[in-house]
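Residue numbers (the working numbering): -3 to 271. All C-beta atoms, glycine included, are put in the ideal place defined by N, C-alpha and C. For clarity, every value in this text was computed on a predicted model and none was experimentally measured.
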């Protein structure tokens, strides 16, 4: 039994994903007496598990609909190194997949959806239905969840925020009106980053990091100078490092300004982009 193994579970309506208990996944329990009573009362109930910190499991949910499939997006994420080896993989009744990763660290990873790529993330605040549950599909046929693969080596964790930015990059917005001049020294860039408010911090850090990359500053210098400034503005160390890494990767890929002075890296007018 899952509960006896320390995995919290709760019952769902037979052949459906809707919880049977009053508070849904918040009622999930590892108490075998509670779980036994649930299934005594609802013997044919589906079984579900809360995701994220509650269970220690994060799930990348690949959907398959008439409008499209998330497998292409999944493969793209794998090819760029954003998704490693899951602890186990479950095939879902719709023909999709649950890639289950073990939660590591203490950073909150909230559940989210990217409908346009047909990929969802089930982390803190979410849940998934588990094998051997069965769910009725739009064609009227009931199909089961099945475990199709279990890792034979140490599984990886998943960075949900990085994955979401890859699947759904933020749209470009207007750059801040008070951008420092392009030749600003690192200390001036840092001072400017430190004054960014909520909603501008990542965007400003990204712009300043691109400027330092284009001017030939080493990454470790930018990480120290701009990282400290970004944290003083309210970003976490991890958020700051992720943004600086993204800026350096993009700026180095696009190249430095040309001899004629034309800027080949991220332009001043496009610096609303924050990856």
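- Of all alpha-carbon atoms in 93, 51 and 47, the one lying nearest the alpha-carbon of residue 61 is that of 93.
- Residue environment: residue 212 is assigned as exposed (fewer than 16 neighbouring CB atoms within 10 Å of its CB, all protein chains considered).
- Remark: C-beta atoms of residue 43 and residue 125 approach each other more closely than 9 Å.
- Taking each of 134, 121, 113 and 83 in turn and checking the Cα distance to residue 70, the smallest one comes out for 113.
- Counting along the chain, the unbroken alpha helix (DSSP H) around residue 208 starts and ends at 197 to 210.
- Following the DSSP letters along the chain, one finds residue 159 inside the alpha helix (DSSP H) bounded by residues 156 to 163.
- DSSP links residue 6 through a beta bridge to 44.
- In the DSSP secondary-structure assignment, residue 98 is bridged to 53.
- In this structure, the beta-carbon distance from residue 55 to residue 118 falls below 9 Å.
- Under the three-state reduction of DSSP, residue 244 is assigned to helix.
- In the structure shown, residue 105 falls within a coil segment according to DSSP collapsed to helix, strand and coil.
- Contact annotation: the stretch 93 to 112 touches the stretch 145 to 163, with at least three C-beta pairs closer than 8 Å.
- Taking the C-beta atoms as reference points, residue 131 is found nearer than 9 Å to residue 89.
- Residue pairing by DSSP places residue 14 opposite no residue, since no beta bridge is assigned to it.
- In the DSSP assignment, residue 32 falls within the alpha helix (DSSP H) that extends over 28 to 37.
- Counting along the chain, residue 186 sits inside the alpha helix (DSSP H) bounded by residues 182 to 190.
- For residue 87, the uninterrupted beta strand (DSSP E) segment begins and ends at 84 to 87.
- A Cβ-Cβ distance of about 10 Å is found for the pair residue 46 and residue 25, leaving them out of contact under the 8 Å criterion.
- Secondary structure note for residue 74: it is in no beta strand (DSSP E), and the uninterrupted alpha helix (DSSP H) holding it is 67 to 75.
- By the neighbour-count criterion, in which 16 or more other beta carbons inside 10 Å mark a residue as buried, residue 116 falls on the buried side.
- Here residue 164 has 110 as same chain residues with Cβ atoms under 6 Å from its own Cβ, once five neighbours each way along the sequence are excluded.
- In the displayed model, residue 113 falls within a helix according to three-state DSSP.
- Assigned with DSSP and collapsed to three states, residue 234 falls in helix.
- Secondary structure at residue 223: helix, using DSSP grouped into helix, strand and coil.
- Taken atom to atom, the span from the alpha-carbon of residue 15 to that of residue 6 is near 7 Å.
- Taking C-beta atoms as the reference points, residue 242 and residue 161 count as a pair closer than 9 Å.
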